[in-house]
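Data first, discussion second: the structure below is written as structure tokens.
Chains as they are written, first to last, in my numbering: chain A, 1 to 338; chain B, 1 to 338.
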């Protein structure tokens, strides 16, 4: 198993990215890890972390795509960027998955145009696992596609279902359509039309479709795959992050109030850490772009070493699962133009 | 000031509704409160709470709109329902605001058709105040209109701004357009077109438009009015509720783990209650339908006495504020067809 990593992406590149990758190499001997980026900077970062261990190699890429580049064209304009070079290695079979903490838009455009979508898939979608009361659920899409057709949503339902089953290990994942009520007739025309197709797919045994689901019920663990257009999915994802950070701050204030509350904080220290971890992007790690022919994962832009290490493990899991193979084998179910 | 209350709406009607209204009457002498519902049941409930105090009267309505009624037509089919009778009283000038914990859809349809929208306003919108790190923000719309035009969103921006200024007392409220990124070009066509109109309104000094806002920044208190279509606004609102309930449960588990953590819970008891109150619908109270000629407010379906008492106070504040007057005076700014 060989994972290619963009050493130059994200707020903490290259040092923390390299540190995370080296930690993964030490924790899982046998993994092959390829760091792509400016060779001098990457090697200097590796030196700071104790040098390159066995299994880790560096591929030079002299350019870096940053926030000022146009996401749609950056990978073409900067042909020697770490994202372009890394994805070309993946395309050429020089690795099994690619991970980057860099620009989401650039990664999505480059992934789609270099690695390509599975034949018949209309759009790649971002599908993070979000924390729920029941454990976690795949939210697909959450920002790659602001405007969606019925066919996109139907395809997201299958993509999310395969990913939940193969990568998260959820048997017969319950697929829900994110909506503003649970009755059949709820929502806008897009939701009503999608509902009918997914219902038929459920009745035919192709999907475990449980119907419409409200965001509140989804957070309570009401389904394993939440199917959304990229706009409302993004609103859901960012609201979870926002409420988590807001509540975290309120809790902190509560515990800092007096000597008594500070004692209380000590008494629940372990529990608080576990609680924080549940919503922490450093633990949650990377978001896969589903629908491409090979695994491409986006790590959080603020990823530190721990997040990057987790992202590498998720890339391994994605490569082992071969969701793309599953998608290709079932593509006929996902085409509405026949 | 005279507030009309649907005594038969919600899960805890009529007893808890009546209890809340009587508590409001006792707390604020001089208020006139009108309970609308089945006279016998309402009076029996009042007896259980110590009898009807001065200022509270009962108007008989023999029917009740329930979940099985079609929201769009229920108020016409059940002409003697508490919602229909109450809204007709409001329309006739027999009160200054109407509050119900009953069916949202029925209240919205009946409110729109009986009390009517302000001339020139295309759609009424639901505008709850949500908790944020900075205090609170008006989220408009959050479920009344699943499909929106540019004009609807522009009108919501003004409605929310007037409400935030007049009712919540926020000076020069910062208006943000809920979007999946902060740059001008982000989002779908609806957002891009709306952005241009709101930007021009901001430049002309009609609105304090701060641009696009992501859900995460909105939760951090980045604006005072969050402008959304009813679909994504509902997703945001329900996600807040869901994460709140999920985190509340996780916290409870954390505090129940051992003797030490139980001691900790005692030490932060007051803080925990304040924390819970921040996200509690019983405290947050009622959601106004903005855009109607008179104040109509929806209380949470699960409202208990405390929520109902708060809802009455919010109805008083809404009636005193006369947001409808503000809207009518500025309607020319909100019409895109000129």
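Heads up, the beta-carbon is just placed ideally off N, CA and C, and yes, glycines get one too.
Quantities reported herein were computed from a predicted structural model and do not represent experimental measurements.
For residue 314 of chain B, which residues of its own chain have a beta-carbon under 7 angstroms away from its beta-carbon, when the five flanking residues on both sides are left out? 285, 286 and 297
Smallest Cα separation from residue 300 of chain B: which of B:309, B:4, B:109 and B:81? B:309
Check whether the region 215 to 223 of chain A touches the region 185 to 203 of chain A, counting contact only when three or more Cβ pairs, one atom from each stretch, lie closer than 8 angstroms. Result no; under three Cβ-Cβ pairs closer than 8 angstroms.
With 16 other CB atoms within 10 Å as the buried threshold, where does residue 70 of chain B fall? exposed
Looking only at its chain, what residues have a beta carbon closer than 7 angstroms to the beta carbon of residue 151 of chain A, apart from the 5 residues adjacent to it on each side? 122 and 336
Residues of chain B with CB closer than 7 angstroms to the CB of residue 236 of chain A, please, in chain order. 235 and 239
On the three-state DSSP scale, how would you describe residue 132 of chain A? In the structure shown, residue 132 of chain A sits in a strand (DSSP, three-state: E or B).
Got a sec: is the Cβ-Cβ distance from residue 271 of chain B to anything in chain A below 8 angstroms? yes
In angstroms with no decimal places, state the Cα-to-Cα distance between residue 22 of chain A and residue 48 of chain A. 11 angstroms
Residue 337 of chain A CB to nearest heavy atom of the ligand COA below 7 angstroms: What this structure holds is no ligand at all, so the ligand COA is not there to describe.
The region 172 to 189 of chain A: positions lying closer than 9 angstroms to chain B by Cβ: 178, 179, 180, 181, 186, 187, 188 and 189
contact_flag[the region 255 to 266 of chain B, the region 92 to 111 of chain B] where n(CB pairs < 8 angstroms) is 3 or more: no
Listed from N- to C-terminal order along the chain, which residues in the region 114 to 131 of chain A have their beta-carbon within a distance smaller than 9 angstroms of any beta-carbon of chain B? So the close ones are 131.
What do you get for residue 241 of chain B, buried or exposed, if any count of 16 or more other CB atoms within 10 angstroms of its CB means buried? buried
By Cβ distance below 8 angstroms, which residues in the same chain neighbour residue 78 of chain A in space, the five residues on each side in sequence not counted? 63, 64, 65, 69 and 84
Taking only three categories from DSSP, how would you classify residue 320 of chain A? helix
DSSP state of residue 218 of chain B, grouped into three classes? helix
Looking at chain A, is there any beta carbon in it that lies within less than 8 angstroms of the beta carbon of residue 276 of chain B? For residue 276 of chain B, the answer is no, since every Cβ of chain A falls outside 8 angstroms of its Cβ.
Indicate the three-state DSSP secondary structure (helix, strand or coil) for residue 60 of chain B in the structure shown. strand
Please check if any C-beta of chain B sits within less than 8 angstroms of the C-beta of residue 232 of chain A. yes
C-beta contact flag for residue 31 of chain B and residue 42 of chain B at 8 angstroms: no
Using the Cα positions of residue 58 of chain A and residue 38 of chain A, report the straight-line distance between them to the nearest angstrom. 9 angstroms
My guess is that residue 138 of chain B and residue 168 of chain B are in contact by the Cβ rule of under 8 angstroms, so how many angstroms apart are they, rounded? 7 angstroms
Classify residue 33 of chain B: buried if its beta carbon has 16 or more other beta carbons within 10 angstroms, exposed otherwise. buried
Within the same chain, show all residues whose beta-carbon is closer than 6 angstroms to that of residue 278 of chain A, passing over the 5 residues directly before and after it, in chain order. 131
Kindly list, in the order they appear in chain B, the residues whose Cβ is closer than 9 angstroms to that of residue 82 of chain A. None at all; the shortest Cβ gap to chain B is about 23 angstroms.
Between the CA atoms of residue 104 of chain A and residue 153 of chain A - distance to the nearest angstrom: 21 angstroms
Do we get a CB-CB distance below 8 angstroms when we pair residue 220 of chain A with the residues of chain B? yes
Can residue 125 of chain B and residue 156 of chain B be called in contact, C-beta distance under 8 angstroms? With contacts defined as CB atoms closer than 8 angstroms, residue 125 of chain B and residue 156 of chain B qualify as a contacting pair.
Quick one: grab the DSSP three-state call for residue 79 of chain B. coil
Please confirm if residue 147 of chain A has its CB atom under 8 angstroms from at least one CB of chain B. yes
Residue 117 of chain A and residue 326 of chain A: beta carbons closer than 8 angstroms? no
Mind checking residue 80 of chain A: buried by the 16 CB within 10 Å criterion, or exposed? exposed
Helix, strand or coil for residue 259 of chain B, going by three-state DSSP, please let me know. helix
If I follow the unbroken beta strand (DSSP E) through residue 213 of chain A, where does it start and stop? 208 to 213
How many Å lie between residue 333 of chain B and residue 175 of chain B at the Cα? 16 angstroms
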